[in-house]
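Student: Letter 38 of the sequence shown, counting from 1, is numbered 156 in the working numbering, and no numbers are missing.
Don't be surprised by glycine CBs; every beta carbon is placed ideally from N, CA and C.
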Amino acid sequence: MKKLNGFSGRRMLKEKVSIGIVGIGTGCGVTHLTIALANYMHSGLGRRTAIIELSGKHELETMIRKEGNKNQNLVGIHYFTDIGVGKIPEIMNSRYEVFVLDLGADYAAAREEFLRCDRKIVVGSISPWRVSAYEHFLKKVMESENITAWEFLILFANLSDKKRIQKRYGMQMISIPWIENPFYLKKEDMMFLQKII
């Protein structure tokens with residue numbers, strides 16, 4: 119994918135930036151969004167980008183192994199997998215400009231690294247069977263964290279449910295559109311990803 123001119127982040131990105139993505143429950147698209155955002159940063163903005171997998175699920179490690187890439191690179195992105203948090207300062211001091219952290223779906227376990235990130239993104243679903251988990255998470259973090267700079271993304275959102283939750287908690291939520299292939303982004307995918315950085 120060629121670099122797209124005219125695409126720039128909503129906020130000016132500093133020389134090195136870390137973006138943490140955490141999910142509210144499993145299966146809400148943290149890894150998918152991590153890969154898409156990393157590819158946008160690399161292909162759309164021309165930034166040297168790495169993904170750090172800290173979800174504990176080793177999904178990215180398995181994917182890289184299946185691809186047979188011992189260098190941990192795929193489509194111009196470097197993947198740091200199977201690492202402990204003690205290695206993160208060394209990785210952050212490497213040659214990459216953007217680090218996208220896949221923090222999985224356990225906020226309590228990921229909290230320290232998430233709060234250290236320059237950009238903080240929370241992904242979840244407000245489907246009828248998942249909305250209570252989303253609201254429970256919001257209540258909990260609003261009691262203890264400064265969430266003013268966090269981005270809250272949602273899957274499969276009914277507009278009236280989305281408006282109700284936004285009003286109740288006094289915050290904005292962004293609906294995630296379908297991103298067919300996070301490795302090869304379409305123009306509309308990049309337009310969405312531009313909004314969240």
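Could you spell out where the alpha helix (DSSP H) holding Ala267 opens and where it closes?
Tutor: Counted as a single uninterrupted DSSP element, the stretch harbouring Ala267 is not any alpha helix (DSSP H), since DSSP gives it neither H nor E.
Student: Check Ala156 in the structure and name its three-state DSSP category.
Tutor: helix
Student: Quick check on DSSP: helix, strand or coil for Asp279?
Tutor: helix
Student: Please classify Val148: does DSSP put it in a helix, a strand, or coil?
Tutor: It is helical.
Student: Within 10 Å of its beta-carbon, does Arg237 have 16 or more other beta-carbons around it, so buried, or fewer, so exposed?
Tutor: buried
Student: Helix, strand or coil for Asp220? Go by DSSP, reduced to three states.
Tutor: The answer is strand: DSSP assigns Asp220 an E or B state.
Student: Any heavy atom of the ligand HEM inside 8 Å of the beta-carbon of Ser278?
Tutor: Absence of the ligand HEM from the depicted structure is noted, as is the absence of any ligand whatsoever, leaving it without description.
Student: Can you have a look at Ser173 and say buried or exposed, based on whether 16 or more other CB atoms are within 10 angstroms of its CB?
Tutor: buried
Student: Can you tell me whether Pro300 is buried or exposed, with buried defined as 16 or more other CB within 10 angstroms of its CB?
Tutor: buried
Student: Report yes if the C-beta distance between Ile314 and Met291 is below 9 Å; otherwise report no.
Tutor: Ile314 places its beta carbon 9 Å or farther from that of Met291.
Student: Looking at Ala228 and Phe198, is the spacing between their C-beta atoms short of 9 Å?
Tutor: 9 Å or more divides the Cβ of Phe198 from the Cβ of Ala228.
Student: Identify the residues that DSSP records as bridge partners of Leu192: which are they?
Tutor: Ile195
Student: How would you label Ala154, buried or exposed, when you count the other beta carbons within 10 angstroms and need 16 or more for buried?
Tutor: Looking at its Cβ environment, which holds 16 or more other Cβ atoms inside 10 Å, Ala154 is buried.
Student: Residues in the same chain with beta-carbon distance under 7 Å from Phe125, minus the five sequence neighbours each way, listed in chain order, please.
Tutor: Its pLDDT being 45, under 50, Phe125 is placed unreliably by the model, and nothing is read from it.
Student: With a threshold of 8 Å, are at least 3 pairs of Cβ atoms found where one atom belongs to the segment 135–143 and the other to the segment 209–218?
Tutor: Contact between the segment 135–143 and the segment 209–218 is present, because at least three Cβ pairs lie under 8 Å.
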